[in-house]
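Taking it in order: structure first as structure tokens, then the write-up.
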Amino acid sequence: MNGYVPTVGELTVVKLKLISIIGLVYLCAVSEAVPAGLINIGSRKQLFIDDYLIESTSNTRRFMNHAEKVEGNPVLRPDKPWEVNSTPEGPDVRVEAVIFEEQEQLFRMWYTAGRLICLATSKDGVHWEKPVLGLVEYEGSKENNILPPEQFKPYFFKDLHEKDPAKRYKGLDRLGSMSTTMQFDLYYSPDGFQWTPYPGNPVIDTSPRIGRWGPTVFMGWDPIREVYAVHMENSLHRWSPAGKRLIGRAESPDMIHWSEPETIIVPDDQDPPDMDFYCMPTIAYEDLYVGLLWTFSTIRTAIVPQIVFSRDGIRYNRNFRDPFIRRGAKGMFDASVVYPVAPIVHGDRILFYYTGGNYRASATRKAVGDKALFAVGLAEIPLDRFVSFDGARFSSAASGGVANRYSQVVTRSFTFSGSQLHLNFQATLDRQPGATGPCEMRVEILEPTHHVMSGFSFDDCDNLTQGGLDEVVSWKGQSDLSKLAGKSIKLRFYFKNSSLYAFQFK
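Quick note: the sequence shown uses the working numbering, first residue 1199, plus one each step.
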């Protein structure tokens, strides 16, 4: 500037321009930060497990879809000498954990046969092999699939959140029993077989204030609350003041430092007087928690899982009290108890491995005699299809307007990101005795005021009649919704002879 010094007036003008620019930037930032609606679903899949996003419904009801057992159950039965003779009560194998290894494209199942730990493998999750490992001698031979005790930790999981490959698997070993102080030691492993103890063990000590835990399941990394989590029978094994088994949750940032457990699920007045809660394997699914609550009828000594859901990991809804995986008929291997482990999302299926038994207590054991059996079963559902809104029993010829001829679900206002609306639904004439006509599905897009947006009306929407896990909605052949992204909208679903499970903007 060759020594030029601006005047006070010139500096003032520059200052005012800077203030204006800063103010404009601030206003733009604020306008972008302020959402168009109260709920922003982004591109997250929305399941109809509760009323969080539902404003109103008509001519429809929610339906909990039972997991269906695969043909040929049980998928793993005791047929080796070390399994058949594993307990005095009879043949007994029980699933402890199942992991799908992406790199090998192989399922691995760790299971117990009495006090022995064994390994099975499968390419499809249904047909299992028991590989000869040659590691442990049984009755003079190592031709078996038995693992050395040091290669198994009773509570372990694969930690995809972990950055260190040497700690990819985390396992815990419980010390003590229900009548003594209980502690948990932490171990790390690169492969799920060779374990290194954490030097500062134990990482959990349940005495003196916490009390002893009952059946326990470590969830692993919780991507929603961004902590490690464990769910346990938080009631001193029915010795709590409530006189019942209850479900608790504890959390840790690092698997080393743990919170005291908080009770999150207790029996209520809709439960039978003899109802206890034994355990709850839990996974994060999309932005939800899905738990398999082991309900224990202490009089009938039967255990079956209910499916429960939560949006925050603490408050669970138990809207569906029927067993999610039903016990087998009399004479079946799972006629008395169904103990599931944490489900596995694999491709377009959700797999539920469980231990099934045809007895639990001594009285039922005597009743089945020499047919006493514990084995591993598998049930499954298609992706997302835990809960549905089912279309009412109307035909195309029904009298009245559109509103009277279709089931409807209207959402609350929300904003989204993405350019297409995808649906998970299916034709369900088999669920609708007396129903006639084809499956139909249409979607209107509404303003928050309930006015239909131009070009997105019932008549504009191309009717979907086949159903599927991932069907794209279009209006007069156009499916691009990118111009609506970030704006507040509602959806109104019209459907008939169909079940609606989920939607997502992609």
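Ideal placement from N, C-alpha and C gives every residue a C-beta, glycine not left out.
Under the DSSP assignment, Trp1492 falls in the beta strand (DSSP E) whose first and last residues are 1486-1495.
Shown here, Gln1301 sits in coil according to DSSP, grouped into three states, outside any helix or strand.
Per the coordinates, the alpha-carbon of Ile1579 lies some 42 Å from the alpha-carbon of Pro1397. In the three-state DSSP reduction, Ser1680 falls in the helix class (H, G or I). Looking at the DSSP output, Lys1569 bridges to nothing.
Between the alpha carbons of Met1453 and Thr1480 lies a gap of roughly 17 Å. A direct Cα-to-Cα measurement between Pro1636 and Tyr1353 gives close to 49 Å.
Shown here, Trp1411 sits in coil according to DSSP, grouped into three states, outside any helix or strand. Between Ala1318 and Trp1280, the C-beta spacing is not below 7 Å. In the DSSP assignment, Val1506 falls within the unbroken beta strand (DSSP E) covering 1500-1508. Runs of the beta strand (DSSP E) spanning 3 or more residues and lying entirely within the segment 1249-1294 occur at 1252-1256, 1258-1262, in chain order.
Proximity of the segment 1461-1471 to the segment 1539-1557 falls short of the contact definition, fewer than three beta-carbon pairs being nearer than 8 Å. For Cys1637, there is no enclosing beta strand (DSSP E), as DSSP marks it with neither H nor E.
Excluding the 5 residues flanking it on each side, Ile1239 has same chain C-beta neighbours closer than 7 Å at Phe1612, Phe1614, in chain order.
The continuous beta strand (DSSP E) containing Phe1693 extends over residues 1688-1694.
The criterion of a C-beta distance shorter than 7 Å is not satisfied by Phe1587 and Val1608. Here DSSP, grouped into helix, strand and coil, assigns Ala1482 to strand. A Cβ-Cβ distance of about 16 Å is found for the pair Glu1424 and Arg1242, leaving them out of contact under the 8 Å criterion. It is roughly 38 Å from the alpha-carbon of Ala1573 to the alpha-carbon of Gln1702. The C-beta distance from Glu1642 to Phe1656 rounds to 5 Å, short enough to meet the 8 Å contact threshold. Beta-bridge annotation (DSSP): Gln1244 is paired with Phe1701.
Residue Asp1582 holds the alpha-carbon nearest to the alpha-carbon of Ile1542 among Arg1519, Asp1582, Phe1494. At a Cβ-Cβ threshold of 7 Å, Val1293 and Thr1647 do not count as neighbours.
With at least 16 other beta carbons inside 10 angstroms of its own, Val1502 counts as buried.
If you draw a straight line from the Cα of Arg1259 to the Cα of Thr1663, it is about 20 Å long.
DSSP places Tyr1557 in no beta strand (DSSP E); its state is neither H nor E. Partner residues in the beta bridge of His1620, as assigned by DSSP, are Val1670, Gln1702.
Nearest to Leu1434 by alpha-carbon distance, out of Gly1412, Pro1421, Trp1419, is Gly1412. Pro1421 counts as exposed, since fewer than 16 other beta carbons sit within 10 angstroms of its beta carbon.
Within the model, the alpha-carbon separation for Arg1498 versus Ile1237 is close to 45 Å.
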